[in-house]
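Heads up, the sequence shown is in the numbering used here, so the first residue is 10 and it goes up one at a time. The structure appears below as structure tokens.
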Amino acid sequence: MATLSFFFVALVLNLGGCQWWAEAQSLVPPKFDGFFYGDKRSEFSPDAILIEAFFDPVCPDTRDSWPPLKKALDFYGPRVSLVVHTFPLPYHDNAFVTSRALHIVNDLNPSLTYPLLESFFKNQELFYNQHTSNMTKIAIVNDLIALVTETVGHKYYSAVKSGFSNRLTDLKTRIAFKYGCTRGVFGTPTFFVNGFAIPDAGSSIDYNGWKKIIDPLINSDKASRVDNFLHLK
């Protein structure tokens, strides 16, 4: 389980007082934060169940939570939507830079965001604290750029490299983290379903666990529609 202490979250939320809030207001993004999964990248159906996931790309618990969630998404199809928000935990040395890479690639080609996320999960050990403890920041970023371009295509090399010098991608990554803080996120993975937090933040949910959460919502929606139809008759 990867979690922040309550004290640290309180510190992040309150650091700077009014100045923090002024900065937060100035950093309101032009569109909703996050990466939509599958064919629902450009539009969102209000009839779909919405899962929001807060992920750290180098968190083992986040990695382990992805296969059962992906299986559930594929099973339910358009009835369920997913949006992933990056939430780089401060004690994972390379969480921010890998999260930033996701924002860079999402700006270049949103269809490549989730393949990159899965590549990070597959190669997570390369960016663990111990593995990179004796490396410079530049060396880490160069290794990261190499992995990213190997995953998304070498034609994106220059764009990915320049993305790490672009202030906008830095701000997007910061905004995503601040958004998680405003939602009370303190660990990864953390899930919200239709805006409500799922208990046991920082723990993975298996496939049967997702079915237990989603099935009652779908059945409840069906019952509601039947009731509405009967009232109209």
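Every residue, glycine too, gets a C-beta built ideally from N, C-alpha and C. The model shown is predicted, which means the values in this text are computed figures rather than measured ones.
Would you say the segment 51-69 touches the segment 99-117, given that touching needs at least three Cβ pairs under 8 Å?
yes
Whole-angstrom distance between ILE222 and SER229, CA atom to CA atom:
12 Å
Out of SER54, LEU59, PRO39, PHE45, point me to the one whose CA is closest to ASN203's CA.
LEU59
Using three-state DSSP, classify PHE200 as helix, strand or coil.
strand
Quick one: measure Cβ to Cβ for ASP56 and TYR188, integer angstroms, because I've assumed they're closer than 8 Å.
Actually they are not in contact, since the Cβ atoms of ASP56 and TYR188 sit about 24 Å apart, beyond 8 Å.
Outcome for HIS163 when other beta-carbon atoms lying within 10 angstroms are tallied against a minimum of 16
exposed
Alpha-carbon to alpha-carbon, VAL114 and TYR166:
11 Å
Could you tell me whether the segment 147-163 touches the segment 114-126, where touching means 3 or more Cβ pairs closer than 8 Å?
yes
State the start and end residues of the unbroken alpha helix (DSSP H) segment that holds HIS140.
138-141
Can you have a look at GLN133 and say buried or exposed, based on whether 16 or more other CB atoms are within 10 angstroms of its CB?
buried
Mark PRO87 as exposed unless 16 or more other C-beta atoms lie within 10 angstroms of its C-beta, in which case mark it buried.
exposed
Distance, PHE44 Cα to PRO119 Cα
8 Å
What does DSSP give as the partner residues of ILE58 in its beta bridges?
VAL89
To the nearest whole angstrom, what separates the beta carbons of VAL150 and LEU121, a pair I think is in contact under 8 Å?
Not quite, the Cβ-Cβ distance comes to about 19 Å (not below 8 Å), so this is no contact.
Do you know how far the Cα of PRO225 is from the Cα of SER142?
46 Å
In angstroms, rounded to a whole number, what distance separates the CA positions of GLY218 and PRO99?
29 Å
Relative to the alpha-carbon of THR182, which residue among TYR137, VAL93, GLY193, THR199 has its alpha-carbon at the smallest distance?
VAL93
Taking one C-beta from the segment 169-184 and one from the segment 192-209 each time, how about it: are there three or more such pairs within less than 8 Å?
no
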